[in-house]
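See structure below.
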Amino acid sequence: MARKNLLSGLAETEADDQPTSSSTAAYPIRGASKSMIRSVNELAKQADAYLEGEHVVELDPDAIDGSFVSDRMDDDREQYQELLEAIQQRGQDSPILVRPHPSIEGRFMIVFGHRRVRVARDLQRKVRAVIKEIDDKAHVIAQGQENSARANLSFIEKAMFAKRLEELNYDRDVISSALAANAAAVSKMVSVATRIPPSVISKIGSAPSIGRERWVELSLLVAKKSGIVDEILSEPEFSGLESNRRFEQLFMALNARERRVRKASVKPGVQSWAPDDKSVSVSVQRAGRAVTIAVKETDGSRFGTWISDNLQGLYEAFRKTEKAATGD
Numbered sequence: 001m002a003r004k005n006l007l008s009g010l011a012e013t014e015a016d017d018q019p020t021s022s023s024t025a026a027y028p029i030r031g032a033s034k035s036m037i038r039s040v041n042e043l044a045k046q047a048d049a050y051l052e053g054e055h056v057v058e059l060d061p062d063a064i065d066g067s068f069v070s071d072r073m074d075d076d077r078e079q080y081q082e083l084l085e086a087i088q089q090r091g092q093d094s095p096i097l098v099r100p101h102p103s104i105e106g107r108f109m110i111v112f113g114h115r116r117v118r119v120a121r122d123l124q125r126k127v128r129a130v131i132k133e134i135d136d137k138a139h140v141i142a143q144g145q146e147n148s149a150r151a152n153l154s155f156i157e158k159a160m161f162a163k164r165l166e167e168l169n170y171d172r173d174v175i176s177s178a179l180a181a182n183a184a185a186v187s188k189m190v191s192v193a194t195r196i197p198p199s200v201i202s203k204i205g206s207a208p209s210i211g212r213e214r215w216v217e218l219s220l221l222v223a224k225k226s227g228i229v230d231e232i233l234s235e236p237e238f239s240g241l242e243s244n245r246r247f248e249q250l251f252m253a254l255n256a257r258e259r260r261v262r263k264a265s266v267k268p269g270v271q272s273w274a275p276d277d278k279s280v281s282v283s284v285q286r287a288g289r290a291v292t293i294a295v296k297e298t299d300g301s302r303f304g305t306w307i308s309d310n311l312q313g314l315y316e317a318f319r320k321t322e323k324a325a326t327g328d
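Listed below in structure tokens is the structure:
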């Protein structure tokens, strides 16, 4: 089937049933390695381009469904309240982007603008919207670009979004373009969201002040201490904390227990010996199958050299002792 220009120069999409990996990209950025967006301003311009010159209509918010892939967590009450008050006072400044629902006649699906739709429902108002015929791939690119530019998504929200896109079989180029992130950053996002169970992330929340490296550290701790994690999350006071504090409490508790376990686990058995005149000191340290012998004090160097020079005889004496003990 022939190409359709569905995004007015922004996105060309193949209208066939080719797999995602082989079909022509339905977005203006052809991959992280070829054309990465360099700044939030550029990303905002990219998102604005989806709306430029388009006819804005008013829709009943009850006729609009959410995106097929979520990108925000539901703990943004303060930001949502600020948005509601702003729209209540001066109206909705910028329209949302929707597409005709791919499977329900007469309904629409949000591409971006979920919170503005929620506000419209709460205020019992129509929502200003641009309607575009776009496919799923163009949908996730537009959604990711707009939210990355304006919604101040936290690292873990981006990580969850990246993981959901991967589960929907989008390739890393699509995910990189949606999040304006290079391949290495996307890989870290997906790794973190995979190592930390969704239930744990949900209980922590978006943690907007916590950056990538702290989440990476937490993911490594959680992977080793799943039983302890459940214990900490079930504490009555945990759920009452603000999201950043929930992260900090879990991280500090796991980190403290990890240090205690590590300290105990590396303590090997040590046996010491010295003659009555203390002219030499021998310590024998066992760690699994390995044994380390250290010789110190006045005669330490010479005694150590003598042991080294007589290893053959000492080993033969050891073998004779073993045979005598076993009767072989």
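Heads up: the sequence shown begins at 1 in the working numbering, then just goes up one per residue. All residues carry an ideal CB built from backbone N, CA and C; glycine is no exception.
Relative to M109, the option among E217, A129, R125, T321 whose CA is nearest is A129. Here K296 carries a strand assignment [DSSP, helix/strand/coil]. Counting C-beta pairs closer than 8 Å gives fewer than three between the stretch 76–94 and the stretch 154–161, which falls short of the contact rule. Taking E213 as reference, the option from N255, F303, A63, K188 with the minimal CA-CA separation is K188. A Cβ-Cβ distance of about 19 Å is found for the pair S209 and L179, leaving them out of contact under the 8 Å criterion. No Cβ-Cβ contact shorter than 7 Å links V127 with V140. Per DSSP, the continuous alpha helix (DSSP H) segment holding P198 begins and ends at 198–204.
Secondary structure note for M160: its alpha helix (DSSP H) is the uninterrupted segment 155–167. Per DSSP, M109 is one residue of the beta strand (DSSP E) stretching across 108–112.
Beta-bridge partners assigned by DSSP to P100: F108. Taking the C-beta atoms as reference points, A253 is found nearer than 7 Å to I232. A193 is positioned such that its CB atom lies closer than 7 Å to that of K163.
If you draw a 10 Å sphere on the C-beta of D276, you find fewer than 16 other C-beta atoms in it, and that means exposed. In this chain, the alpha helix (DSSP H) harbouring I175 covers 172–179.
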